Amino acid sequence: MDKITHKVRCEQWTAIINECLASGMPKTTWCRANGISDKQFFYWQRILRQEAYQQMESQSSSPASSALVLNDKKEQASHPAFVEIRPDAMPEEESTVFRPDVIIRSGNLVMEISNTASEELIQKIRGLFHV
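So the numbering used here is basically just the index in the sequence shown, starting at one, shifted up by 1.
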(Lines of atoms letter the chains of each structure in order from A and count residues from 1; the text may use other names and numbers.)
(Lines give C-alpha, C1' and ligand atoms only; values in the text may rest on other atoms or scores of the structure.)
Protein backbone atom coordinates (compact mmCIF):
# COMPACT_ATOMS: atom_id res chain seq x y z
CA MET A 1 0.00 0.00 0.00
CA ASP A 2 1.51 3.34 -0.95
CA LYS A 3 1.80 6.22 1.53
CA ILE A 4 -1.02 8.29 0.04
CA THR A 5 -3.49 5.40 0.10
CA HIS A 6 -2.46 4.55 3.65
CA LYS A 7 -2.88 8.18 4.75
CA VAL A 8 -6.36 8.41 3.19
CA ARG A 9 -7.43 5.17 4.88
CA CYS A 10 -6.03 6.35 8.20
CA GLU A 11 -8.05 9.56 7.92
CA GLN A 12 -11.21 7.58 7.07
CA TRP A 13 -10.71 5.18 9.95
CA THR A 14 -9.88 7.98 12.36
CA ALA A 15 -13.23 9.57 11.50
CA ILE A 16 -15.03 6.22 11.90
CA ILE A 17 -13.38 5.50 15.26
CA ASN A 18 -14.10 9.03 16.53
CA GLU A 19 -17.74 8.65 15.50
CA CYS A 20 -17.92 5.36 17.40
CA LEU A 21 -16.35 6.87 20.52
CA ALA A 22 -18.64 9.90 20.38
CA SER A 23 -21.72 7.66 20.23
CA GLY A 24 -21.10 6.32 23.73
CA MET A 25 -22.15 2.85 22.59
CA PRO A 26 -19.99 -0.24 23.13
CA LYS A 27 -17.69 -0.62 20.13
CA THR A 28 -19.02 -3.99 18.98
CA THR A 29 -22.62 -2.79 19.24
CA TRP A 30 -21.81 0.36 17.27
CA CYS A 31 -19.99 -1.67 14.60
CA ARG A 32 -22.96 -3.99 14.12
CA ALA A 33 -25.37 -1.05 13.97
CA ASN A 34 -23.23 0.61 11.29
CA GLY A 35 -22.42 -2.49 9.21
CA ILE A 36 -18.72 -2.55 10.08
CA SER A 37 -16.81 -5.74 10.79
CA ASP A 38 -15.60 -5.91 14.41
CA LYS A 39 -12.30 -7.41 13.26
CA GLN A 40 -11.74 -4.64 10.74
CA PHE A 41 -12.60 -1.96 13.30
CA PHE A 42 -10.17 -3.31 15.92
CA TYR A 43 -7.49 -3.86 13.26
CA TRP A 44 -7.61 -0.19 12.26
CA GLN A 45 -7.77 0.91 15.88
CA ARG A 46 -4.57 -1.08 16.53
CA ILE A 47 -2.86 0.33 13.41
CA LEU A 48 -3.75 3.92 14.36
CA ARG A 49 -2.55 3.41 17.94
CA GLN A 50 0.76 1.99 16.69
CA GLU A 51 1.26 4.93 14.34
CA ALA A 52 0.39 7.43 17.07
CA TYR A 53 2.90 5.75 19.38
CA GLN A 54 5.60 5.76 16.69
CA GLN A 55 4.94 9.41 15.93
CA MET A 56 5.13 10.26 19.63
CA GLU A 57 8.40 8.34 19.98
CA SER A 58 9.95 10.04 16.96
CA GLN A 59 8.89 13.48 18.19
CA SER A 60 10.25 12.92 21.70
CA SER A 61 13.62 11.77 20.33
CA SER A 62 13.97 14.79 18.05
CA PRO A 63 13.15 18.20 19.63
CA ALA A 64 13.59 19.96 16.29
CA SER A 65 10.98 17.82 14.57
CA SER A 66 8.49 18.31 17.41
CA ALA A 67 8.98 22.07 17.17
CA LEU A 68 8.16 21.88 13.46
CA VAL A 69 5.00 19.90 14.13
CA LEU A 70 3.84 22.35 16.79
CA ASN A 71 4.31 25.28 14.42
CA ASP A 72 2.21 23.67 11.69
CA LYS A 73 -1.31 25.18 11.99
CA LYS A 74 -2.95 22.28 10.17
CA GLU A 75 -1.31 19.79 12.52
CA GLN A 76 -2.38 21.81 15.57
CA ALA A 77 -5.99 21.78 14.42
CA SER A 78 -6.05 17.99 14.22
CA HIS A 79 -4.63 17.44 17.73
CA PRO A 80 -6.37 18.62 20.90
CA ALA A 81 -4.52 21.01 23.16
CA PHE A 82 -4.79 21.08 26.91
CA VAL A 83 -4.39 24.16 29.06
CA GLU A 84 -4.18 24.22 32.83
CA ILE A 85 -6.90 26.27 34.49
CA ARG A 86 -5.89 27.32 37.96
CA PRO A 87 -8.61 27.65 40.61
CA ASP A 88 -7.79 31.33 41.17
CA ALA A 89 -8.44 31.99 37.46
CA MET A 90 -11.94 30.57 37.65
CA PRO A 91 -14.80 32.96 38.44
CA GLU A 92 -16.22 32.66 41.90
CA GLU A 93 -19.70 31.25 41.96
CA GLU A 94 -22.28 31.43 44.63
CA SER A 95 -22.89 28.31 46.63
CA THR A 96 -24.15 25.51 44.41
CA VAL A 97 -25.91 23.80 47.29
CA PHE A 98 -29.59 23.30 46.46
CA ARG A 99 -31.90 24.91 48.97
CA PRO A 100 -35.54 24.05 48.32
CA ASP A 101 -38.26 26.64 48.82
CA VAL A 102 -40.95 23.98 49.24
CA ILE A 103 -40.71 20.44 50.64
CA ILE A 104 -43.64 18.09 50.02
CA ARG A 105 -43.84 14.78 51.88
CA SER A 106 -46.37 12.06 51.15
CA GLY A 107 -45.65 8.64 52.63
CA ASN A 108 -42.15 7.65 51.54
CA LEU A 109 -42.10 10.28 48.78
CA VAL A 110 -40.26 13.55 49.44
CA MET A 111 -40.13 16.34 46.83
CA GLU A 112 -38.02 19.44 47.19
CA ILE A 113 -38.93 22.29 44.83
CA SER A 114 -37.38 25.71 44.27
CA ASN A 115 -39.15 28.92 43.29
CA THR A 116 -37.56 28.65 39.86
CA ALA A 117 -39.60 25.54 38.98
CA SER A 118 -41.79 26.07 35.91
CA GLU A 119 -45.57 25.99 36.05
CA GLU A 120 -45.50 22.95 33.76
CA LEU A 121 -43.26 21.05 36.18
CA ILE A 122 -45.47 21.94 39.13
CA GLN A 123 -48.54 20.68 37.24
CA LYS A 124 -46.77 17.39 36.52
CA ILE A 125 -45.85 17.04 40.19
CA ARG A 126 -49.48 17.66 41.19
CA GLY A 127 -50.46 14.88 38.82
CA LEU A 128 -48.20 12.46 40.68
CA PHE A 129 -50.11 12.97 43.89
CA HIS A 130 -53.48 12.35 42.23
CA VAL A 131 -52.50 8.99 40.74
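Think of the CB as a built atom: it goes at the ideal place given N, C-alpha and C, for glycine as much as any other residue.
Predicted model only: the values in this text are computed from it and were never measured.
Out of the options, state which residue places its alpha-carbon closest to the alpha-carbon of residue i.
| i | options | result |
| --- | --- | --- |
| D102 | Q60, G108, T117 and R10 | T117 |
So residue i and residue j are in contact, right, with Cβ under 8 Å, and what is the actual spacing, rounded?
| i | j | result |
| --- | --- | --- |
| V111 | I104 | 7 Å |
| Q51 | I18 | Contact doesn't hold; Cβ gap of about 14 Å is too wide. |
| T15 | L49 | 6 Å |
| S38 | W31 | About 12 Å; that fails the 8 Å criterion. |
Give the straight-line distance between the Cα atoms of residue i and residue j, rounded to the nearest whole angstrom.
| i | j | result |
| --- | --- | --- |
| R33 | L129 | 40 Å |
| F42 | I126 | 47 Å |
| P115 | R100 | First, the residue type needs correcting, since residue 115 is Ser and not Pro in the sequence shown. Distance between the alpha carbons of S115 and R100: 7 Å. |
| G36 | M57 | 32 Å |
| S119 | E113 | 14 Å |
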